[in-house]
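S.K.: Sharing a structure below in structure tokens format, with a few things to ask.
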Amino acid sequence: MIIALRKLLFTGLLGLLLTACAPKAPPGCQDMRCRPQSGPQHLTIWWQPELRNGPYDYTQVQVHP
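Take 1 as the starting number for the sequence shown in my numbering and just add one per residue.
What follows is the structure, given as structure tokens:
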């Protein structure tokens, strides 16, 4: 019983350590799946790095029908 409890505790601590060491996502969007898309009500403009104003790499503009 004590050995099983130790194994469970060890596994839990190992899991916590591994999640703490996992790489964090960088600021901004680096993956196409996380980027907001244009829709019927707004247009999403993605800026090149040299044209960005601050930390934002996209702008959403309202579209009027």
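Where a beta carbon is used, it is the ideal one built from N, C-alpha and C, also for glycine.
Between which two residues does the beta strand (DSSP E) harbouring Q62 extend?
M.R.: First-last of the beta strand (DSSP E) with Q62: Y58 to Q62.
S.K.: Answer yes or no: do Y56 and I45 have a C-beta to C-beta separation smaller than 8 angstroms?
M.R.: For Y56 and I45, no; Cβs fall outside 8 angstroms.
S.K.: Which same chain residues, not among the five before or five after Q41, have their C-beta less than 8 angstroms away from its C-beta?
M.R.: These residues qualify, in order along the chain: Q62 and V63.
S.K.: Expressed to the nearest angstrom, what Euclidean distance is found between the alpha-carbon atoms of G12 and R6?
M.R.: Distance between the alpha carbons of G12 and R6 is about 10 angstroms.
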